[in-house]
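Position one of the sequence shown corresponds to residue 1050 (our numbering), numbered consecutively onward. Using N, Cα and C, we set each Cβ at its ideal position, and we do this for glycine too.
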Amino acid sequence: MIDRVMNNPLDKPLDDAALVLFSGGQDSATCLAWVLSRFARVETVGFDYGQRHAIELECRSTLIERFKAIKPEWKARLGEAHTLAIPTLAEISDTALTRDIAIEMDKGGLPNTFVPGRNLLFLTLAAALGYRRGIRHIVGGMCETDYSGYPDCRDETIKSLNVAINQGMGRDFELHTPLMWRDKGETWALAHELGGDALVDLIVQHSHTCYLGERGALHDWGYGCGECPACRLRAAGWAKYKTA
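Spelled out as structure tokens, the structure:
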């Protein structure tokens, strides 16, 4: 398992350090490469919230170790990996990501994979961890281009939360969402731009996106059931990337 490290090495945040929300999926892996290409000190944080696809948590350590082999400078920049447990989120959520129920649309027009408050909590907790670790740059893979309509993935939401976090913590945090205006095909292309075939192959073989936690069949685009919204988005993006 990835270690939990909560010590505070710095009183003043450094501008060359970043903390990445790292789930073990395609988007967060691409964001990690984006950050490693820009910041001298990089830490990651993942969240155990009782998700059905908790297999993603197990993928992270393999991804991190293999990231180090892609570029020597990435190995030098990778720092602590953190895991925060927030089981309360599953306890108060009745969703297809936290319950063994079929994925479908709810009465409000959103898929029942939407976990209310998830990204709001993730980013707030990441900022609190960044406060302790002397890190002001927080990076997440939220996107409102190819997405399921989740309101906490929208650019307006992230910008509003950034203001609230800065006011509530008295620090100048900056929330980065490098995938916000990229579709999934462009996200695959960005991964190739950052790490070449080695990174694309790593994401295909060792990241996890499927909401059902399916790791049985390896498709061209990676493991997954092939039917859930996450798999369909990833597969469609892969097809666009390969034909571009």
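Query, Result
"Nonlocal neighbours in the same chain, by C-beta distance under 6 Å from F1116, ignoring five residues either side", "W1123"
"Proximity test, S1209 beta-carbon vs the ligand MN heavy atom, cut-off 7 Å", "Inclusion of the ligand MN in the displayed structure is not the case, the ligand content being empty and no account of it being possible."
"Enclosing beta strand (DSSP E) for T1132 [first to last residue]", "L1127 to A1134"
"Cα-Cα separation, L1106 to C1259", "13 Å"
"Proximal residues to A1078 (C-beta, below 7 Å), its chain only, five neighbours per side dropped", "L1112, I1252 and S1256"
"Straight-line gap, K1233 to D1195 (C-alpha atoms, nearest Å)", "6 Å"
"Per-residue burial, W1230 [other beta carbons within 10 Å of its own, 16 or more giving buried]", "exposed"
"Assigned exposure category for S1142 - 16 Cβ within 10 Å defines buried", "buried"
"Sufficient close CB pairs (3 or more, under 8 Å) joining the region 1236-1251 to the region 1095-1110", "no"
"N-terminal and C-terminal residue of the alpha helix (DSSP H) that V1204 is part of", "The identity of residue 1204 in the sequence shown is Asp, whereas the question assumes Val. Segment D1204 to M1218, the alpha helix (DSSP H) holding D1204."
"Exposed unless 16 or more other CB atoms sit within 10 angstroms - verdict on V1164", "buried"
"Span separating the alpha-carbon of G1271 from that of M1191", "20 Å"
"For P1121, the three-state DSSP class (helix, strand or coil)", "helix"
"Proximity to C1080 [Cα-Cα], best of W1237, G1158, E1276 and D1269", "W1237"
"Where W1287 falls: helix, strand or coil (DSSP)", "helix"
"Span separating the alpha-carbon of E1153 from that of F1096", "24 Å"
"Cβ-Cβ distance between L1085 and V1188 below 8 Å", "no"
"Helix, strand or coil at G1271 according to DSSP, with G and I counted as helix", "strand"
"Alpha-carbon to alpha-carbon, G1179 and E1235", "29 Å"
"Residue range of the alpha helix (DSSP H) that includes I1184", "Taken as a continuous stretch (DSSP letters only), I1184 belongs to no alpha helix (DSSP H), being part of the beta strand (DSSP E) at I1184 to V1188."
"Cβ neighbour criterion (16 or more within 10 Å) applied to G1245", "exposed"
"Contact belief for Y1098 with A1145 at Cβ below 8 Å, rounded distance in angstroms", "About 14 Å separates the two Cβ atoms, so there is no contact after all."
"Test item: CB-CB of A1284 and H1268 under 8 Å", "yes"
"Where R1281 sits in the DSSP three-state scheme", "helix"
"Under the three-state DSSP convention, the category V1094 falls into", "strand"
"Where the beta strand (DSSP E) through H1225 begins and ends", "E1223 to H1225"
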